[in-house]
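Each residue of the sequence shown is one higher than the one before, starting from 19 at the first, in this note's numbering.
We treat Cβ as the ideally placed atom computed from N, Cα and C, and that holds for glycine.
Notes to accompany the following structure.
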Amino acid sequence: MRRYHEITVLYVSPDGKGDGYSQVRPLSGLNAAFRVVEEMRGGGMLQPIVIRMMGGEYLMSSPLTISNPVYSVTVEPYDESPVIISGGKKITGFEPSVFNGVPCYAAYIEEVKNGTWNFTDLYVNGLRASLTRYPDQGYLYKLGEEVPGRELFAGSKWFIAKKEDIKDFKNINDCIVSFCHYWIDEHSPIESYDKETGRLTLKYRSRFEIHGNIGYYIENVAEQFKNPGEWYLDRPSGMLYYIPRSDEEALDRIEAYAPVTATLVNINGDHKNQRHVNNIRFRGLTFAYTRGDYISSKGVQREKEEEGFASDAQAVSNAGGVVSLTGAKGCAFENCKFRNYGLHGIAVNEGCSNIKISGCEFYDGGAGGIKINGGDAYAPEYTYTYGNTITDNIINRCGRRHFAACGILAMHTFGNDISHNEISDLYYTGISCGWVWGYTPSVTRDNIISYNHIYNLGQGVLSDMGGVYLLGAQPGTVVSNNLIHDIQSKEYGGWALYTDEGSAGILLENNVCYNTSDNGYHQHYGTSNTVRNNIFAFAGKEMLRVSRFECHLSILFENNIIYTKGCPVYGFGYGAGTGENHVTAATVVSANNVLWCSDGSEPIILNQDGFRTLSEVQKYGLEKGSIIADPGFKDPENFDFTLDESSPAFKTGFKKIALSKVGVRK
19 MRRYHEITVL
29 YVSPDGKGDG
39 YSQVRPLSGL
49 NAAFRVVEEM
59 RGGGMLQPIV
69 IRMMGGEYLM
79 SSPLTISNPV
89 YSVTVEPYDE
99 SPVIISGGKK
109 ITGFEPSVFN
119 GVPCYAAYIE
129 EVKNGTWNFT
139 DLYVNGLRAS
149 LTRYPDQGYL
159 YKLGEEVPGR
169 ELFAGSKWFI
179 AKKEDIKDFK
189 NINDCIVSFC
199 HYWIDEHSPI
209 ESYDKETGRL
219 TLKYRSRFEI
229 HGNIGYYIEN
239 VAEQFKNPGE
249 WYLDRPSGML
259 YYIPRSDEEA
269 LDRIEAYAPV
279 TATLVNINGD
289 HKNQRHVNNI
299 RFRGLTFAYT
309 RGDYISSKGV
319 QREKEEEGFA
329 SDAQAVSNAG
339 GVVSLTGAKG
349 CAFENCKFRN
359 YGLHGIAVNE
369 GCSNIKISGC
379 EFYDGGAGGI
389 KINGGDAYAP
399 EYTYTYGNTI
409 TDNIINRCGR
419 RHFAACGILA
429 MHTFGNDISH
439 NEISDLYYTG
449 ISCGWVWGYT
459 PSVTRDNIIS
469 YNHIYNLGQG
479 VLSDMGGVYL
489 LGAQPGTVVS
499 NNLIHDIQSK
509 EYGGWALYTD
519 EGSAGILLEN
529 NVCYNTSDNG
539 YHQHYGTSNT
549 VRNNIFAFAG
559 KEMLRVSRFE
569 CHLSILFENN
579 IIYTKGCPVY
589 GFGYGAGTGE
599 NHVTAATVVS
609 ANNVLWCSDG
619 SEPIILNQDG
629 FRTLSEVQKY
639 GLEKGSIIAD
649 PGFKDPENFD
659 FTLDESSPAF
669 KTGFKKIALS
679 KVGVRK
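Below, the structure written as structure tokens:
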């Protein structure tokens, strides 16, 4: 037997039975390896340890917890064989069957039958299987609700459904009512339904009001089981039914996993007493198959919450991650894959610093990719989270269960570098940073959000979103050199750059933004924000809009190129206060911009009665130095915004934007 002071490497395998001191005598799984490390640290052994994982699947029925005094451990594959850390049990025993009159495959699960296991996610052959939906397309509409009216946070526990809409559904308490409104999606099982009155009671109260014109649909309806890729779990019988996709018709091609845990790794230090967990690194591993069912128990703007809610107030902000870090320093996740997971990929919580997440892939996530959430301005300093590096990650096809999730969500945190990421195919915001409403104190500051490629967001599912969304005062935060395009909202608010309530002290420069359903840049309200040297093109509405007038300088808007297809340059809010035609420079100071309409016509300046031409605006001291000129893009119709050397934009002070550096570095 080797002595602990001689150990620098431990080996593990899914079915190991050895002491871990060599690859031929591996330990069984990560829990066993970390127990050895903890014993070593308790015995005074200080050397760094590498845990090498043999290829295979490692089922984690509960999270691996790493706490102080464990430190300086690197976990990596032993060789090129894939290593999957899994939160899902493999479902076996599928046989041909028929359910709801549809040929399918079925498997009996004893734990479901006896009530010890239930799941609401299923992954088949590396893809998320679909819950059934009623109706197939479109929405159902209510006749009334518990709390009528339009007060945003007046959620309801029940509503009155049209009697013809609600059938005699099998296992109705397993059916899930879902609806999208404003910037969130809400989901709740049905608690009860009264056929006589049409009263449908939700298990969890809605977070927002659900007035009559908000449509809903019902998921997990047995009677809707009919399409390839759909599944249904009949809990009373313990039977799982699945309709194979076209390439899955052979039984031996079905590889199905159902999750048993939402979190696979918990790194938990005691930050209150300065006993952080230091220098834990995971490299080259895959994390997969975790639970996505989530009950919101607290929110952002509600003081009294004694019951679960059907959603968080924004961005699935309180949900956990596949990996969770609290009170951690110097930990890293490098070149890892997070796929087929239920909530966020990685959640960096209070008391964390110098966390590195780099070169990772996040896809088919139920919520977002990466969430950072430290202590706020009223919390003790030991809760602060700062100095993290989030670079060169690919976040794609997420928000698949909780649509309101962001690619990267950074709350109450400062000094972070969020750069060179590729974020696409989400239903809400790409990167969200800040997180106090209005001009209240905030710890958020000095965050760098740069060189990210952010695209294909919203997709007509939710509203009130941005490629980059900023909230509250955050002096020193810089949003620069990002490529943002194809943002499509449901009803309103598909913006590329969005400074929401109280945003202040932010610099937004050298960004290229195009193809947005609403404005290229929108500010709700804020102060002392600088928007310069950006390209805004092909917005569905005005390029710049400010929603609330305030008696101070909100935005310095200078040296930008505005390229429209007939939409006005500025919307309501360009100027506020008194004066002829209600335009002053109080809210926005705009100068040295290049304005151009793609058909060669003179751009409309304002989307309101009053000044419509640049010359009219300039009479009142606005748009000093701005010109109407074709900027000379190489091929704007195909979104190549490279500027010719002779571009008139350079004469106004515009500087070239280096798009070649945007996105993940190879």
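The alpha-carbon separation between F554 and T534 amounts to approximately 10 Å.
In this structure K160 is buried. Its beta-carbon is surrounded by 16 or more other beta-carbon atoms within 10 angstroms.
If you compare the alpha carbons of G105, Y152, N49, G233 with that of E75, the shortest gap goes to G105. Exposure of C569 is indicated by the presence of fewer than 16 other C-beta atoms within 10 angstroms of its C-beta. Residue pairing by DSSP puts M429 in a beta bridge opposite N391, G452. Residues of the same chain with a CB within less than 8 Å of the CB of R59, apart from the 5 flanking positions on each side, are P87, V88, Y89 in chain order.
G544 and S619 have their C-alpha atoms spaced approximately 33 Å apart. With contact defined as three or more Cβ pairs closer than 8 Å, the region 439 to 453 and the region 353 to 364 are not in contact. In the DSSP annotation of this structure, the continuous segment of the alpha helix (DSSP H) that includes M58 starts and ends at 47 to 60. The beta carbon of T517 sits closer than 6 Å to those of L488, Q541, G544, N547, all from its chain and outside the five residues before and after it, given in chain order. Cβ neighbours of P246 within its own chain (closer than 6 Å, five residues either side excluded): I261, R263. It is roughly 13 Å from the alpha-carbon of E368 to the alpha-carbon of V295.
Residue pairing for C198: DSSP places it in a beta bridge opposite D203.
Membership of L526 in the beta strand (DSSP E) is indicated by the continuous run 525 to 527. Close CB contacts of T83 within its chain, under the 7 Å cut and outside five residues either way in sequence, are with N284, N286 (chain order).
I190 carries a helical assignment under DSSP once its states are collapsed to helix, strand and coil. Note on geometry: alpha-carbon atoms of V120 and F243 lie some 8 Å from one another.
Counting other Cβ atoms within 10 Å of its Cβ, K652 stays below 16 and is therefore classed as exposed. The three-state secondary structure of P114, taken from DSSP, is strand.
As the crow flies, the alpha-carbon of Y457 is around 8 Å from that of S521.
Annotation: Q506 is outside any beta strand (DSSP E) and is labelled neither H nor E by DSSP.
Judged by beta-carbon spacing, S460 lies within the 8 Å limit of Q492, meaning their Cβ atoms are closer than that value. In terms of CA proximity to Y473, I412 leads the group N552, N297, I412. Residue pairing of K374 in beta bridges, as defined by DSSP: A350, T407. In this structure, K559 sits away from G511, with a CB-CB distance that is not shorter than 8 Å.
With contacts defined by Cβ atoms closer than 8 Å, L427 and I390 form a contacting pair. No Cβ-Cβ contact shorter than 8 Å links E237 with T308.
Restricted to the region 551 to 589, the beta strand (DSSP E) segments that are unbroken, complete and at least 3 residues in length are 553 to 557, 562 to 564, 573 to 576, 579 to 582, listed in chain order. Nearest to Y234 by C-alpha distance, out of Y157, I298, Y211, L282, is Y157. For R168, the closest C-alpha among the options R146, A179, Y200 is that of Y200. In the three-state DSSP reduction, H23 falls in the helix class (H, G or I). When the alpha-carbon of E204 is set against those of A385, N414, A51, L640, the nearest one is in A385. Measuring C-alpha to C-alpha distances from S46 to each of I69, C370, S148, N500 identifies I69 as the nearest. For Q541, the enclosing beta strand (DSSP E) stretches over residues 539 to 541.
If you look at S608, you'll find it in the beta strand (DSSP E) that goes 606 to 609. With respect to the 8 Å criterion, S616 and P654 are classified as neighbours on the basis of their beta carbons.
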